[in-house]
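Enquirer:
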Amino acid sequence: MARVMAPSRLVSRGAETQSANGRWLVFAVGLAIAFFLFAALPSAAKNAALFTEESLLYAALLFFAGASVLYIGFGVSGAELDARFATAATSVAFVLTSLAAAHRWQTSGHPPFSSIYEMLLSFVWTLAALTLFVEWRYRVRVLGTIALPLATLSVLLMQLMPSSVRPLVPALQSTWLHIHVSLAMLAYAACALSFGLAMMYLIQDRLRTETFLAATCGLLAAIDAGIATRFDPSGGLRVVAWDSVNRQEIFFAEKTRLLVVIPSLGWLMFLVLASALVPLSLYVWAVWNKEENALAWANRTFFVSTLLQAAALGIFLMRAGEGSYLSPQTEGLFSTSLAASPFILTGLVSGLFASILYLLLQWRRPNLERMLPSAETLDRLTYKTISIAFPLLTLMIAAGAYWANRTWGSYWSWDPKETWALITWIVYAGYLHMRITRGWRGRRAAYFAILGFAIVLFTFFGVTYLLPGLHAYA
Amino acid sequence: MPLASFFPRSRSTRWLFSVRTGIVLLISAGLASTAGTLVLQRPQTDPQKIASAYSPEVLAWLDLLGLTDVFHSWWFAALLVLLSLNLVLASLERFPVAWSFFRQPYRRPEKHFRASLPLQQEIAIPGVDAGLHAAQSALRQMGFRPRRIEREDGASLFAERNRFSRLAAYVVHASLLLIFGGAVVDAIWGYRGFLALTENEQTSRIELRESEYKALPFAIRCDGAGQENYPDGTPRRWWSNLTVIENGREVQRKEIAVNEPLVYSGLRFFQSGYGQTGEVSAIELRVALKSDPTHVRDIVLSQNETLSLDGKNSVTLAAFYPDFVLINGEPKTRSHEPNNPAIQLEVQSATAGDHPVASKVWLFPNYPVLAHPDGSPFTFEFRDLRMGYFTALQVSYEPGQWAVWAGIILMGIGLAAAFYFKHVRVWAVPVKDTQGRMVLWVGASASKDRNEFKDRFERFVRKIEDNLNAQAEARMAWFREASPTKPATEGLIGAEVGQRVRA
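Chains as they are written, first to last, in this note's numbering: chain A, 186 to 659; chain B, 9 to 511.
1) Name, going along the chain, the residues of the region 578-602 of chain A whose beta-carbon falls closer than 8 angstroms to a beta-carbon of chain B.
2) For K1/B, count neighbouring Cβ atoms within 10 angstroms of its own Cβ and tell me buried if that reaches 16, exposed if not.
3) For D210/B, does the three-state DSSP call read helix, strand or coil?
4) Any C-beta of chain A within less than 8 angstroms: which residues of the region 34-59 of chain B qualify?
5) Name, please, each residue of chain A whose Cβ falls closer than 8 angstroms to the Cβ of G420/B.
6) Can you tell me the Cα-Cα spacing of T497/B and R467/B, whole angstroms?
7) Rounded to a whole number of angstroms, what is the C-alpha to C-alpha distance between T316/A and D194/B?
8) On the criterion of 16 or more Cβ atoms from any shown chain inside 10 Å, does A313/A qualify as buried, or is it exposed?
9) Can you list the residues of chain B that S572/A reaches, using a CB-CB cut of under 7 angstroms?
10) State buried or exposed for R510/B, treating a residue as buried only when at least 16 other CB atoms are found within 10 Å of its CB.
11) With distances taken between CB atoms, is the gap from L453/A to A497/A smaller than 7 angstroms?
12) Check whether chain A comes within 7 angstroms of Q402/B, counting only Cβ atoms and requiring the distance to be less than that.
13) Tell me which residues share the same chain as V180/B and place their Cβ nearer than 7 angstroms to its Cβ, disregarding the 5 neighbours each side in the sequence.
14) Tell me the DSSP bridge mates of K368/B?
15) Output, in sequence order along the chain, the residues in the region 87-105 of chain B whose CB is closer than 8 angstroms to any CB in chain A.
16) I'd like to know if I611/A contacts chain B, where contact means its C-beta is closer than 7 angstroms to some C-beta of that chain.
17) Using a Cβ-Cβ distance cut-off of 7 angstroms, determine whether R276/B contacts chain A.
18) For a contact defined as C-beta to C-beta under 8 angstroms, what are the partners of L423/B on chain A?
19) State whether the region 517-525 of chain A contacts the region 470-488 of chain A, with contact taken as three or more CB pairs (one from each stretch) at a distance under 8 angstroms.
20) Please tell me whether A274/A and V309/A are closer than 7 angstroms, where the distance is taken between their beta carbons.
21) Note down, in chain order, each residue of its chain lying with its Cβ closer than 6 angstroms to the Cβ of R326/A, except the 5 sequence neighbours on either side.
22) Quick check on I335/B: buried or exposed, where buried means 16 or more other Cβ atoms within 10 Å of its Cβ?
23) Hey, quick one: how far does the alpha helix (DSSP H) through M150/B stretch, first residue to last?
24) Once you ignore the five residues that flank Q479/B on each side, which residues in its own chain have a CB closer than 7 angstroms to its CB?
25) Using the DSSP secondary-structure output, state which residues sit across from L24/B in a beta bridge.
26) Mapping the DSSP letters down to three states, classify A659/A as helix, strand or coil.
27) Would you give the residue range spanned by the beta strand (DSSP E) that N272/B belongs to?
28) Which of the three DSSP states is assigned to R391/B in this structure?
29) Under the assumption that H365/A contacts A584/A (Cβ atoms under 8 angstroms), give the Cβ distance between them as a whole number of angstroms.
30) By DSSP, does E434/A sit in helix, in strand, or in coil?
31) Would you kindly work out how many angstroms separate the C-alpha atoms of Q260/B and R28/B, rounded to a whole number?
32) Taking all protein chains shown into account, decide if F25/B is buried (16 or more other Cβ within 10 angstroms of its Cβ) or exposed.
33) Got a sec: is the Cβ-Cβ distance from A27/B to anything in chain A below 7 angstroms?
34) DSSP state of D428/A, grouped into three classes?
35) Would you say I291/B faces chain A, with C-beta separation under 7 angstroms as the test?
36) Chain A partners of I31/B, CB-CB under 8 angstroms?
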């Protein structure tokens, strides 16, 4: 690459280098997608499975990943070509996801909303659709830098989940349920977009880069502390055992999962947690003593922490993927799988993703600022997406209540999911009131939008896994 | 202000009117709800689980604070009441302004209003009618329906759109009150209960809570129930045939299924489950005399039923095990499913003496050869069996739900009006500017999205200017036609027309 770039570097480091960079990236991504597609072709052809849901999703995953790389490339270099091809790849991935969803709908006979796997499929579809729509309507192209990696992550997560088409239990056979879930997906995708826009607003509003550093470190510390709760006194990491034949978790007793310990991984997770706390404490030190030098060190240690996270993710992928481990409950050997620990995996991957985004910001902030729409536009767009999300949230809760009323005879029973949907609604209602009646603009509004999305995430994932209730199947 | 007469706004009650209080109350309700999902709630969890999750002292505190049943605690109710009160007061205080916007549109802007409006422009015009005409057609082109306002001090134009969106916020607040009201009605007068019926069973009471019953003014009977499965054996559909009996008369009959309840006088009966009782409802047997195997007869027995076989002998269905297994020599059943049925019959034969002779007969339909030697004079052959089942019904009475649904529909309308429509007003008034020239003052206001609306306003101004220029050109063409030798008129008419004047 250096040799190719040499002549243009002589002339200028301006637009030409950029477009050369862009061309190189498009070429590399195209090559990678083509390679993986062709690599998968023989086995797909052998199994006569060219247009099954699985192979369609595989292809969609490749295009989503390619689009993510191109969007991030666009974020770094600002090369026009990257953005154009990123949009093209997103469109292809969108079509493939639509086909996969349609295929699943056709074979199962019901719209894809009945398990968390199917909901993720719908979520990815909506996210891609909204990203393309916003790009086309408002010409905000950097949105893909956040939305597409999110979509890629979701598709990856889906690969780990039990995907078999399960027949619907009687309570779920209702049109109202489908309305309820499609509204939820639309609303949550709009909330995700408003979150991305609010983050971009904070960049354009000249929120100091160190503040982003502190926030990222805080997020990492929270994630890693969550993972570190699985620490075993022997120094290993406790994960759930996995029955690879039936693709399900192994239960030790009723409602108690069988755990196995992956040796010495616990220490590694503690190390990762510590590595996230170091830049955080350096930041606090720097702010307290007004010392610029400590900030530079905070950034340096953060870079090290990112490398550590990547290593931890790699090791976790390898160790959890294969091998049998001792279970402290039964003293027997059991295998585990990535699918058994979706939270550890999601936590590690999203932590790494957030870190990379921060490094990108720290490295190329002026570039990003030039490419992003103005702060005022972003502020307005955040408000607009929330004013789309809020009525959708309202209707989603109403449709859910109506469905519950037809199925159980009660429209509201304060189960955790319902209550958290209500809390989400309250937060966004608060945002809208503060904005409309008290004229909240800018930073405070952006923080509010970010808080709203954090609560949406908890409602979607946290409640399902931490607070069981009526919504057991979703 | 009429509001003051029934709820005085004094120093001590002022806080109840403010939006800030509303936000604080909303956040408090959110935090309370959060607590309600994090602390185990008594109505949903069984007592043992709660007792094992918290130590007795902690539990005592949680109970005292109502944290183990947040959503039925007095302080949560008080929070909602305060929130409703704030909603009403804050809305009532702001409503008159919005209502006057709605009721009395401001059609003719006065001088002070014209001076302070942020979005305005003055355009030079050749005359009042020409200016108004240009503005009128510009407004029409943009989809407005302008009205000409005639007053003593002259004519002007007024156009507006989506006036109703001024009231949208109040519609949303009213809908919230409707929903709260419905929920309160249901919390006080509504109830939910449970009912399990076996075939042909009839009852007129439902179980509200553990051993707490409520009598219904009518009876309900189950005429049949069943389950349909997917090929892999998971349930696809449950159904029950129900009959409502009031004063001894059958008044309604319906086959219900999940999502298709029976509704009678406000009570709704939902299919919520189906299962085997583990008891047999009927067994069909073929009986033959041992001494004369050609003498055959079919009988149907139910649990504990005794049937006379002939003058001297009778048979009783003494015991039935649907899923037979021997545990420590005792006959037991493993499940309620008839996987391995075992039937015990008792045959009584009258003898010459006082005591009838009873003999026990075991039948294992899955293993017909496993016949026990017995002393009865008959052989029994298993033909068929029907298991008893029950249908589980959920019963609910929610008279307030209609207010809730009406509130939700109203809220949908209100939110759509609030977010997707904005009240837009445009005025055009011919006035004399400071130098005494005739200009058209145009101004506009929008209830939200002011930045985007600014672009539209500028387009509107440009349209008026274009229209004025077109008028001028048309007039010029007419002049040229009328007096082709006098091109000098151009300067007289065209010069100032369509030029913006600095306001």
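Glycine is no exception: its CB is placed at the ideal position from the N, C-alpha and C atoms.
Expert: Quick answer:
1) Along the region 578-602 of chain A, going in chain order, the ones with a CB nearer than 8 angstroms to a CB of chain B are T579, L580, A583, A586, Y587, N590, R591, T592, W593, G594, S595, Y596, W597, W599, D600 and P601.
2) Because residue 1/B is not part of the residues shown, which for chain B are 9 to 511, the question remains open.
3) Here residue 210/B refers to the residue found at position 202 when the second sequence is read from its first residue. A small correction: the amino acid at residue 210/B is Gln; Asp does not occupy that position in the sequence shown. Here Q210/B sits in strand by DSSP.
4) Cβ contacts with chain A come from L34, I35, A37, G38, S41, T42, G44, T45, L46, Q49 and Q52.
5) The residue you call residue 420/B lines up with position 412 of the second sequence. Residues of chain A passing the Cβ test: P576, T579, L580 and A583.
6) Locating residue 497/B in the second sequence gives position 489, where the first residue counts as 1. Locating residue 467/B in the second sequence gives position 459, where the first residue counts as 1. A caution first: T497/B carries a pLDDT of 46, below 50, which makes its placement in the model unreliable, though a value can still be read off. So the alpha carbons of these two residues sit roughly 30 angstroms apart.
7) Counting from 1 along the first sequence, the entry for residue 316/A is found at position 131. Counting from 1 along the second sequence, the entry for residue 194/B is found at position 186. Whole-angstrom Cα-Cα distance: 43 angstroms.
8) For this step, residue 313/A is matched to residue 128 along the first sequence. Buried, because 16 or more other Cβ atoms sit within 10 Å of the Cβ of A313/A.
9) The residue given as residue 572/A occupies position 387 in the first sequence. F427, listed in chain order.
10) Stepping through the second sequence from its first residue, residue 510/B is reached at position 502. Because the pLDDT at R510/B is just 45, under 50, the model does not fix this residue reliably, and the value given afterwards should be weighed accordingly. So R510/B ends up on the exposed side.
11) The count along the first sequence starts at 1 and reaches residue 453/A at position 268. The count along the first sequence starts at 1 and reaches residue 497/A at position 312. Against a cut-off of 7 angstroms, the Cβ pair of A497/A and L453/A comes out as a contact.
12) What you label residue 402/B is simply residue 394 of the second sequence in a count that begins at 1. Judged by the 7 angstroms Cβ criterion, Q402/B is in contact with chain A.
13) Along the second sequence, one-based indexing puts residue 180/B at 172. Only M419, G422, L423 and A426 meet the Cβ criterion.
14) Taking the first residue of the second sequence as 1, we reach residue 368/B at position 360. According to DSSP, K368/B bridges with E354/B.
15) Those would be none; no residue qualifies.
16) Taking the first sequence and counting its residues from 1, the one referred to as residue 611/A is at position 426. Taking Cβ atoms only, chain B reaches closer than 7 angstroms to I611/A, which makes this a yes.
17) Translated into the one-based positions of the second sequence, residue 276/B becomes position 268. R276/B counts as touching chain A.
18) Translated into positions along the second sequence, residue 423/B becomes position 415. Below the 8 angstroms Cβ cutoff, chain A contributes F575, P576 and T579 as neighbours of L423/B, in chain order.
19) In this structure the region 517-525 of chain A does not touch the region 470-488 of chain A; the number of beta carbon pairs closer than 8 angstroms is below three.
20) In the first sequence, the residue the question calls residue 274/A occupies position 89. In the first sequence, the residue the question calls residue 309/A occupies position 124. No. Outside cutoff.
21) Numbered from its first residue, the first sequence carries residue 326/A at position 141. Cβ within range, chain order: A268 and E320.
22) The residue you call residue 335/B lines up with position 327 of the second sequence. Classification for I335/B: exposed.
23) On the second sequence, position 142 is the one that residue 150/B refers to. It is not in any alpha helix (DSSP H) - M150/B carries neither H nor E in the DSSP assignment.
24) Position 471 of the second sequence, counting from 1, holds the residue named residue 479/B. The beta carbon of Q479/B lies closer than 7 angstroms to those of A138 and A142 in the same chain, with the five residues before and after it left out.
25) By one-based count along the second sequence, residue 24/B stands at place 16. Under DSSP, L24/B takes part in no beta bridge, so it has no partner.
26) On the first sequence, position 474 is the one that residue 659/A refers to. With a pLDDT of 34 at A659/A, under the threshold of 50, the modelled position of this residue cannot be trusted, and the question is left open.
27) Stepping through the second sequence from its first residue, residue 272/B is reached at position 264. Sequence inspection shows Tyr at residue 272/B; the Asn mentioned does not correspond to that position. Residues L270 to Y272.
28) As a first step, residue 391/B must be located in the second sequence, where it is residue number 383. DSSP, reduced to helix, strand and coil, places R391/B within a strand of the structure shown.
29) Numbered from 1 along the first sequence, position 180 holds the residue referred to as residue 365/A. Numbered from 1 along the first sequence, position 399 holds the residue referred to as residue 584/A. 4 angstroms between Cβ atoms; contact.
30) Reading the first sequence from its first residue, position 249 is the one you call residue 434/A. In the structure shown, E434/A sits in a strand (DSSP, three-state: E or B).
31) Start at 1 with the first residue of the second sequence, and residue 260/B comes out as number 252. Start at 1 with the first residue of the second sequence, and residue 28/B comes out as number 20. In this model, Q260/B and R28/B are separated by some 53 angstroms (Cα to Cα).
32) Counting from 1 along the second sequence, the entry for residue 25/B is found at position 17. The residue is buried, with at least 16 neighbouring Cβ atoms inside 10 Å.
33) Translated into the one-based positions of the second sequence, residue 27/B becomes position 19. At residue 27/B the sequence reads Val, which differs from the Ala that was named. With its beta carbon less than 7 angstroms from one in chain A, V27/B belongs to the interface.
34) For the purposes of this step, residue 428/A is identified with residue 243 of the first sequence, where counting begins at 1. Strand at D428/A.
35) If you number the second sequence from 1, residue 291/B lands on position 283. It does not: the Cβ of I291/B has no partner Cβ on chain A nearer than 7 angstroms.
36) Within the second sequence, numbered from 1, the residue matching residue 31/B stands at position 23. Taking a Cβ-Cβ cut-off of 8 angstroms, the neighbours of I31/B in chain A comprise G615, H618 and M619, given in sequence order.
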